[in-house]
Amino acid sequence: IAGITQAPTSQILAAGRRMTLRCTQDMRHNAMYWYRQDLGLGLRLIHYSNTAGTTGKGEVPDGYSVSRANTDDFPLTLASAVPSQTSVYFCASSDSFTSGANTGELFFGEGSRLTVL
Amino acid sequence: EDQVTQSPEALRLQEGESSSLNCSYTVSGLRGLFWYRQDPGKGPEFLFTLYSAGEEKEKERLKATLTKKESFLHITAPKPEDSATYLCAVRRDDKIIFGKGTRLHILP
């Protein structure tokens, strides 16, 4: 049982470098999400996608971009990393709210720990 | 503006000592309040969904309740394996917005 797979698990990155965090799901969920988790700030939504081909901004989208070319993949790109983007990043998927099938259950990956120096 | 506020930030209990965690929300027209559990180094795991005031859900030693302004997660006779961070979240449009969580530590 795979569920949500994130890669890399951990990465140290120099400021100014470009980085893509990968996320793949095998549950055929329409909706996918990217959150960052920081001590004292909790989980904050970066970007989301209700279905392949569409994306939306969350609470903290600046400095990040996403794409949703197909149902299974939802990569998160940092075009030019800055130290404030040091965080643990979680990808999640679910049935979409627009389909009426979402019960609030998001399935999360194990997280990607990113350190920007 | 905070949509979801959880208290306390951290809670230490003796094994068997029952207590409650609080989640207050300010979203108008609530379309779902959710509880998750998160273990260290792991992603959150879904526990419950509540939709309307008066609704209750139970799972083992956990019971979630909902009023018009807040939700409580009651933990009855907790065990050390109940130690985790408990997250409350609400639906806002097509997004799920989380509170900062309560870190629960159950001492044996």
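Protein chains in written order, with my numbering: chain A, 1 to 117; chain B, 1001 to 1108.
By construction, the Cβ of each residue, glycine as well, lies at the ideal position given by its N, Cα and C atoms.
Just so you know, these numbers come straight off a predicted model, no measurement behind them.
- Task: Rounded to whole angstroms, what's the CA-CA distance from A/Arg28 to A/Gly104? Just pull it up for me.
- Result: 16 Å
- Query: Under the three-state reduction of DSSP, which class applies to A/Gln11: helix, strand or coil?
  - Reply: strand
- Helix, strand or coil for B/Glu1070 per DSSP? strand
- At least three beta-carbon pairs within less than 8 Å, the stretch 28-45 of chain A to the stretch 95-112 of chain A: yes
- Message: Residues of chain A with CB closer than 8 Å to the CB of B/Phe1094, please, in chain order.
- Response: Before going further, note that residue 1094 of chain B is Asp rather than Phe in the sequence given. What B/Asp1094 touches in chain A: Ala31, Tyr48, Asn50, Gly56, Ser96, Phe97 and Thr98.
- Message: On a Cα-Cα basis, can you pick out the residue from B/Lys1063, B/Lys1059 and B/Leu1073 that is closest to B/Ser1024?
- Response: B/Leu1073
- Message: By the 8 Å beta-carbon criterion, what residues does the stretch 21-45 of chain A contribute toward chain B?
- Response: Ala31, Tyr33, Tyr35, Gly40, Leu41, Gly42, Leu43, Arg44 and Leu45
- Query: Does A/Phe74 have its Cβ less than 9 Å from a Cβ in chain B?
  - Reply: no
- Query: Is the distance from the Cβ of B/Arg1103 to the Cβ of B/Leu1011 below 9 Å?
  - Reply: A contact, by the Cβ cut-off of 9 Å.
- Proximal residues of chain A, C-beta to C-beta of B/Leu1087 below 9 Å: Gly42 and Leu43
- Query: Is the shortest distance between the beta-carbon of B/Thr1065 and the beta-carbons of chain A less than 9 Å?
  - Reply: no
- Nearest CA to the CA of A/Leu117: which residue from A/Asp95, A/Ser96, A/Ser87 and A/Phe107? A/Ser87
- Task: Have a look at B/Thr1065, B/Lys1095 and B/Leu1047 and flag the residue whose alpha-carbon is nearest the alpha-carbon of B/Ala1084.
- Result: For B/Ala1084, the nearest C-alpha among the options comes from B/Leu1047.
- Message: Going residue by residue through the stretch 1014-1055 of chain B, where are the continuous beta strand (DSSP E) segments of at least 3 residues, counting only ones entirely within it?
- Response: 1019-1025, 1033-1038 and 1045-1050
- Task: Run down chain B in chain order and give the residues with a C-beta less than 8 Å from the C-beta of A/Leu114.
- Result: Under the 8 Å cutoff, chain B gives no residues; its nearest Cβ is about 15 Å from A/Leu114.
- Residues of the stretch 1041-1069 of chain B whose Cβ lies closer than 7 Å to any Cβ of chain A, in chain order: Lys1042, Gly1043, Pro1044, Phe1046 and Thr1049
- Query: Does DSSP classify B/Glu1058 as helix, strand or coil?
  - Reply: strand
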